[in-house]
Amino acid sequence: MELLPEKQAIIHADLISAVFYLLSGWQEFYSDERDQHGRFPYAASVQHQYGFVAVPVVNYYFDVLKTAIEHVSGQPLRPRRWADGRAWAAFITHDIDNLYSAWKAPAKAALQRRDWLDFARRYWQHLTQKDAWDNLTEVQQTVAEYGAKSTFFFLPEHRKAANGTPNADYQYHRISKSVAALVTAGAEVGLHGSIGTSAHEAQLQRAIGQIPRLAHNAQGLRFHYLNWEPRITPLLVDELTFAYDSTLGFAEHFGFRNSYCLPFQPFIFQRGEVADFLEIPLNVMDATLHHPRYLQLAPEEILPALTPMLQEIERFGGVCTVLWHNENFDPANTRNGPREFRAIMEYLRSHNVAFVNGSDICRSFHHLSSGACKGPSQPETKSF
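So that you can map any letter, position 340 of the sequence shown is 340 in this note's numbering, and since no number is skipped, the others follow by simple counting.
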C-alpha cells in the first residue's frame, strides 16, 4: 500500500476479492472434498496449504483498508469495544453429547484386563452413584468462577445416526428440569443439531420442536460433529431463522476456518446475498487439542500453542469461542480436562477479556432489530 500526498492511497492488491473468497467459504462451496463425517477437511484448505490457520488474514486485509480510509479521510476509525469497554471478548460453550457414559471406558478396560473385581466395582458405582459426566451444574459453576457465562448446546436425538455415528446418550425430556435450573442460574441454552440436521430441513425443524425453549424463539445453534454442508446448511439455518450459529471451525486444528476472528453474516451463494443469521466462528475445541486423529498435544503444550492465536484475537478486538465438552470437566481427564480448561480461562481473564454469550454478541452487533439475530416471531428484514 502506498500512502500518497493529498489524501490518496494505492493498494496494490485486490483485497475485496481475497476477503470474499475466505469469508464466504468459496473454497468449501466449490470443493467436493469431504471427510468420513461429511465435513470439508482442514487438509484440503488453503489455511493448511499455506500455514495460516491461526492467523486471521481477513482482519489484516481490513486493517490495510482501515489505514487507507483513515489516510484519505483524515479521520481515525474507532475500534469496536465490548462490555465495560473491553477490547476483546470470549464466548464459552459446551456441547452436551454425553451425561451417563463416564463409567464405560474404564469398565471396558477392566474387562480387557480380566479384572473382574474392578469391573464389578465400576458397574456397581454406575448403578448406585451419579455419573462423573452428569455435571451440568458443576460446569456452570466452574465457568462462573471467572465471571463468565456458559452456553450449553443440547442434543434432542439420542438414537444413533443411520451411519452408526452416536448422538446423545440421554433423552432431553428427562433432563429438562436440570436445563431449566441452568437457565435460572444465568446460562444460555442452544440446539446441538444431531447428525443429518445440517442437510435436512424437516429433521432440523423437528429437533427445534424437541427443545421447548427453542420452539418459539430459535436462537443459538451448533451442529454435532461440526457438520456443515456449505451448499445446504447456510440456507437451511437462515430459513429457520436462527439468531446465530457457532459451527464453523476446523475439528482438526484450532484457529480460523474463514480466516476471521469476528462474527459475520455468511454468504448464501444460491441467493447471492448474506444470510440474516450471525456466524460466531469456533476457534478452539477440547477434542482438537488431544485426539488420536487431531493434534495430540501434551497438557503442558496446550496453552503455549494457543497463545499466538489468542493474541491475534485480542489485537483485532475479536471473539474467542471456546468449546469444552462437559465430559472433559471430569477430574479423571488429565490431558484436555478441567486443569487445561482453567489455564485457558485464567489467560482470558488476566488479559481483560469480556465474557459474553451468543445473545450478548448479537446485541453488540446491533442486529436484534434489523435482521440478523432475530427470533422467528420478528418481522423478516435484511441486514447487509
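C-beta atoms are modelled at their ideal positions from N, C-alpha and C, and glycine is treated no differently.
Ranked by how close their Cα comes to the Cα of H290, the residues L282, I302, F154, Q270 have I302 in first place.
In the structure shown, Y244 adopts extended strand secondary structure according to DSSP, grouped into three states. Scanning its chain for C-beta atoms nearer than 8 Å, with the 5 sequence neighbours on each side dropped, one finds around G147 the residues R349, F355, in chain order. Assigned with DSSP and collapsed to three states, C320 falls in strand. With respect to the C-alpha of R159, the residue from I195, Q129, E138, K130 having the closest C-alpha is I195. The straight-line gap separating the alpha-carbon atoms of L278 and I361 is approximately 9 Å. Between P234 and P266, the gap from beta carbon to beta carbon is short of 8 Å.
L65 and A18 have their C-alpha atoms spaced approximately 13 Å apart. Exposed is the label assigned to Y30, since fewer than 16 other Cβ atoms lie within 10 Å of its Cβ.
Note that the C-beta distance between A54 and F341 is not below 8 Å. Here DSSP, grouped into helix, strand and coil, assigns T93 to strand. Out of Q203, D131, E28, Y347, the CA that lies nearest to the CA of D169 is found in D131.
Counting along the chain, no beta strand (DSSP E) covers V58; the unbroken alpha helix (DSSP H) around it starts and ends at 57-73. Apart from sequence neighbours up to five positions away, the residues of its chain that approach R122 with a beta-carbon distance below 8 Å are W103, P106, A107, A110, ordered along the chain. The DSSP assignment places complete alpha helix (DSSP H) segments of no fewer than 4 residues inside the segment 167-200 at 176-184, in order along the chain. In the DSSP annotation of this structure, the continuous segment of the alpha helix (DSSP H) that includes F341 starts and ends at 338-350. When the five nearest sequence neighbours on each side are left out, the beta carbons in the same chain lying within less than 6 Å of the beta carbon of F153 are those of D95, G190, H192, R222, in order along the chain.
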